[in-house]
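*Asks:* For the record, the sequence lines run as chains A and B.
With our numbering applied, the first sequence corresponds to residues 1009 to 1440, in that order.
With our numbering applied, the second sequence corresponds to residues 2 to 179, in that order.
First the structure, then my questions, so here it is.
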Amino acid sequence: MATTTISNGAAIAQDWPGRYYHVDQVLDRPGPRTDESFLAGEGVKDFLRNKCKILVIGAGGLGCEILANLALSGFKDIHVIDMDTIDISNLNRQFLFRPKDVGKPKATVAAAFIMSRVPGVKVTPYYGKIQDKDDDYYLQFNLVICGLDSVEARRWINATLVNLVDPENPESLKPLIDGGTEGFKGQARVILPTISSCYECSLDMLNKPTAFPICTIANTPRLPEHCIEWASVLEWPRVHGDKKLDTDDPEHIGWLYKIASARAQEFKIEGVTWSLTQGVVKNIIPAIASTNAIIAASCCNEAFKIATSSAAYLNNYFMLIGTDGVYSFTFEHEKRADCPVCGGEAVDMTISKELTVDKFIETLIERQDIQIKKPSLSSGSKHIYFQAPQQLEEATRPNLEKTVSELVDDGGEITVTASSLPFSLSLRIHYS
Amino acid sequence: MIKIWSMKKNEDAAAKKRPKTSAAQIRVQKDLTELDLPSTMKTTFSDPADLLNFSLTISPDEGMYKGGAFVFSFVINNNYPHEPPKVKCMQRIYHPNVDLEGNVCLNILREDWKPVLNLNSVMVGLQYLFLEPNADDPLNKEAAEELRKNRDQFLYNVKASMRGGSIKGVQYDRVSLQ
């Protein structure tokens, strides 16, 4: 393996003859399904290769594939975020990593590898959490692709991109392409924040993580998994107190393995192994390289079509089921009107600077178009007035006397919840 | 880039900027402010600005645990309601469905949790455990065994444990109100 050393972040700007021959077949002329706004030729190529800035979240199984696909299809300004370091078990499918890289940050190694193999591409890594970055960071990109393994991170980036949409600024709308795999199953979807169904809209489609009744774990274990759960859920806190279980620490896993094995023996259960122990406590579902390849290809195909408008993009959910043969299904997932992130109403309200919170609540109750009874109000992390429970009502009651303008800036938002609202109502406050 | 913005213009004002509060936060605000608890249950916030960590005191006014005040801690993470709140009993109590470390066996806290459930359902579920302790899903096996075999002895043990007594060598916390 030849590796070229590249000075920090500086890309080698070079294109060899025929580099884009195949890609140019779809960029030099419109096709039957190209968008009306498609500008065949130099314009679109210049955008893709010199202007488009894309963010890849996750440099794991999907991320490695996505980075390679993007770099080879002509994206040249790629950023990548990942908070993990390389584990030896990643090497079978995360092909940008080698044994010598074990322990190093995934984002950094992946970026260096892509730059050494695909000249002219600049990949900027960030080794850390997506939550470290602010709105300005996300605003700089044209597109975001996710290859994540956690629901929590997906919910965060989804909510962040939906929140980013500013009615005054078209550039603030960032298409989000989300890929996900689980064993032989996978999905790719295109989310146009505030326009199409968002990640939160489909939260109820998720399978819940396998959980065993705690009483079964405690009394009547039948499966090796029950013994491992017993060790991690009941024995770990009992023996180690407040010390947190670190599922990445081999010593911790080793302890659980020992305890679970002893329990398995006691109940004559077979099948507790080191890797099953790790799998159960980290909730690992075996990753399949080919599923990752298919889903990453689909995501990058969508990124290419959205960036170039050379063909119609996915509307909006593609699912792959490879468990029995190969089956795929594409459908339009609909927006949920009561989605806590992108749904619900948002209302502009102009009020007097002198209006007290008390009177403001009365105004809300009287408004025909809102129709709420006992509303509770907050702004960001600040509680304005809570109807219940008693302690919070008492703690926020002094605010009733204050003016709204003391608590919320001009243009600020108030989140209203009430039992009659499906979820919440967002008010944007202006002062007359 | 595709012209997404033109699609946006066709929409009405349905999509305005949303507040910077996480979906979990809003959901907890909704759950808490719409709690419909009987007088036997009360929430306590050690920091009223922090909605994600609080405790619940259950003081049953009927059943075998009448006269006690049982305290549970609630810890809610940012993945709520995708994940259930983490609930533990803060006292060592004699109960077939609560172990000596405070773990609680309540189906909706683990295997049967669904995002459509809310904090009210969890609290009502917890109170139910004190009205109808369940010997079939034991976490404290000895207590369950006693309940099944000898209800009178079980009741006696409950009363003794609530006064801070010890049963079969295990010392329990005093939870009696008197």
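All C-beta atoms, glycine included, are put in the ideal place defined by N, C-alpha and C.
1) State the Cα-Cα distance for the pair residue 1012 of chain A and residue 1157 of chain A, rounded to the nearest angstrom.
2) How would you list, in chain order, the residues of chain A whose beta-carbon sits under 7 Å from the beta-carbon of residue 104 of chain B?
3) Please specify which runs of the beta strand (DSSP E), each continuous and at least 3 residues long, are wholly inside the region 1165–1191 of chain A, giving them in chain order.
4) At least one CB of chain B closer than 8 Å to the CB of residue 1253 of chain A: is that the case?
5) DSSP three-state label for residue 139 of chain B, please.
6) If distances are taken between C-alpha atoms only, which option among B:115, B:52, B:123 comes closest to residue 105 of chain B?
7) Quick one: which residues of the region 1370–1386 of chain A get their C-beta closer than 7 Å to a C-beta of chain B? List them in chain order.
8) Could you pull the DSSP bridge partners for residue 1223 of chain A from this structure?
9) Can you tell me whether residue 1437 of chain A is buried or exposed, with buried defined as 16 or more other CB within 10 angstroms of its CB?
10) Alpha carbon to alpha carbon, how far is residue 1231 of chain A from residue 1271 of chain A? Give it in angstroms, no decimals.
11) Please report how far the alpha carbon of residue 1058 of chain A lies from the alpha carbon of residue 1073 of chain A, in whole angstroms.
12) If you count every other CB in all the chains shown that lies within 10 Å of the CB of residue 1009 of chain A, and 16 or more means buried, which is it?
13) Take residue 1405 of chain A as the anchor and find which of A:1414, A:1413, A:1412, A:1395 has the nearest alpha-carbon.
14) How would you label residue 178 of chain B, buried or exposed, when you count the other beta carbons within 10 angstroms and need 16 or more for buried?
15) Report the option in A:1407, A:1118, A:1077, A:1086 whose CA atom is closest to the CA atom of residue 1092 of chain A.
16) Near residue 159 of chain B, which residues of its chain fall below 7 Å by C-beta distance, leaving aside the five closest residues on each side in sequence?
17) Once the 5 residues before and after residue 1112 of chain A are set aside, which same chain residues still bring their CB inside 8 Å of it?
18) Does the CB of residue 1277 of chain A have a neighbour CB from chain B at under 8 Å?
19) Is there a Cβ from chain A that is less than 8 Å from the Cβ of residue 2 of chain B?
20) For residue 1217 of chain A, which residues in the same chain have their Cβ closer than 7 Å to its Cβ, ignoring the five residues on either side in sequence?
21) Starting from residue 100 of chain B, find everything on chain A with Cβ-Cβ shorter than 8 Å and list it in chain order.
22) Bridge partners of residue 1199 of chain A, per DSSP?
23) Specify, as a first and last residue, the run of the beta strand (DSSP E) that residue 54 of chain B falls within.
24) Quick one: list the residues of chain B neighbouring residue 1212 of chain A, beta-carbon separation under 9 Å, in chain order.
25) Just verifying my parser: in three-state terms, what is the DSSP assignment at residue 1354 of chain A?
26) When the cut-off is 8 Å and only beta carbons count, does residue 1185 of chain A lie next to chain B?
27) Across the region 45–61 of chain B and the region 141–154 of chain B, are there enough close Cβ pairs to call them in contact, namely three or more that are closer than 8 Å?
28) So residue 158 of chain B contacts chain A; which residues on that side make the cut at Cβ distance below 8 Å?
29) What first and last residue would you give for the alpha helix (DSSP H) that runs through residue 65 of chain B?
30) Applying the 10 Å Cβ sphere with the 16-neighbour rule, what's the burial state of residue 173 of chain B?
31) What residues match up with residue 1113 of chain A in a beta bridge as DSSP calls it?
32) Nearest by alpha-carbon distance to residue 1344 of chain A: which of A:1139, A:1213, A:1162 is it?
33) Tell me the rounded alpha-carbon separation between residue 1068 of chain A and residue 1188 of chain A.
34) Grab me the residues of residue 1317 of chain A's own chain with a C-beta within less than 8 Å of its C-beta, minus the 5 sequence neighbours each way, in chain order.
35) Tell me which residues of the region 73–88 of chain B have at least one Cβ-Cβ distance to chain A shorter than 7 Å, keeping chain order.
36) If we cut at 8 Å on Cβ distances, does residue 1305 of chain A have a partner in chain B?
*Replies:* Checking against the coordinates, here is how it stands:
1) The predicted model places residue 1012 of chain A with a pLDDT of 44, which falls under 50 and marks its position as unreliable, so this point remains unresolved.
2) Ordered by position in chain A, the residues that pass the 7 Å Cβ test against residue 104 of chain B are 1222, 1242.
3) Within the region 1165–1191 of chain A, the complete beta strand (DSSP E) segments of 3 residues or longer fall at 1184–1190, listed in chain order.
4) With respect to chain B, the C-beta atom of residue 1253 of chain A has no partner C-beta closer than 8 Å.
5) Three-state DSSP puts residue 139 of chain B in coil, outside helix and strand.
6) In terms of Cα proximity to residue 105 of chain B, the closest of B:115, B:52, B:123 is B:123.
7) Sequence-ordered contacts of the region 1370–1386 of chain A with chain B read 1384, 1386 [C-beta pairs closer than 7 Å].
8) Partner(s): none; residue 1223 of chain A has no beta bridge.
9) Under this definition residue 1437 of chain A is a buried residue.
10) About 11 Å.
11) If you take the alpha carbons of residue 1058 of chain A and residue 1073 of chain A, they lie about 22 Å apart.
12) For residue 1009 of chain A, the pLDDT reaches just 38, beneath the cut-off of 50, and the residue's location in the model is therefore unreliable, leaving the point undetermined.
13) In terms of Cα proximity to residue 1405 of chain A, the closest of A:1414, A:1413, A:1412, A:1395 is A:1395.
14) Residue 178 of chain B sits exposed, since fewer than 16 C-beta atoms from the chains shown fall within 10 Å of its C-beta.
15) Comparing Cα-Cα distances from residue 1092 of chain A to each of A:1407, A:1118, A:1077, A:1086, the minimum goes to A:1118.
16) Excluding positions up to five away in sequence, the list reads 65, 66, 95.
17) Same-chain partners within the cutoff: 1093, 1094.
18) No, residue 1277 of chain A does not count as interfacial toward chain B.
19) Yes - at least one Cβ of chain A is within 8 Å of the one on residue 2 of chain B.
20) If we look at residue 1217 of chain A and ignore the five residues flanking it on each side, its Cβ neighbours are 1291.
21) In chain order: 1226, 1242.
22) In DSSP, residue 1199 of chain A forms a bridge with A:1184.
23) Note, residue 54 of chain B: beta strand (DSSP E), 54–59.
24) Within 9 Å Cβ-Cβ: 115, 116, 117.
25) DSSP places residue 1354 of chain A in strand when its eight states are reduced to three.
26) Between residue 1185 of chain A and chain B, the shortest Cβ-Cβ separation is not below 8 Å.
27) By the C-beta criterion, the region 45–61 of chain B is judged not to be in contact with the region 141–154 of chain B, since fewer than 3 inter-stretch pairs fall below 8 Å.
28) Within 8 Å Cβ-Cβ: nothing; residue 158 of chain B doesn't reach chain A, min ~19 Å.
29) Premise fails: residue 65 of chain B is in no alpha helix (DSSP H) and is neither H nor E.
30) With 16 or more Cβ atoms within 10 Å of its Cβ, residue 173 of chain B is classed as buried.
31) According to DSSP, residue 1113 of chain A bridges with A:1093.
32) Measuring from the Cα of residue 1344 of chain A, the nearest candidate turns out to be A:1213.
33) Whole-angstrom Cα-Cα distance: 11 Å.
34) Cβ within range, chain order: 1042, 1043, 1045, 1046, 1052.
35) Listed in sequence order: 79, 80, 83.
36) Not one chain B Cβ lies under 8 Å of residue 1305 of chain A.
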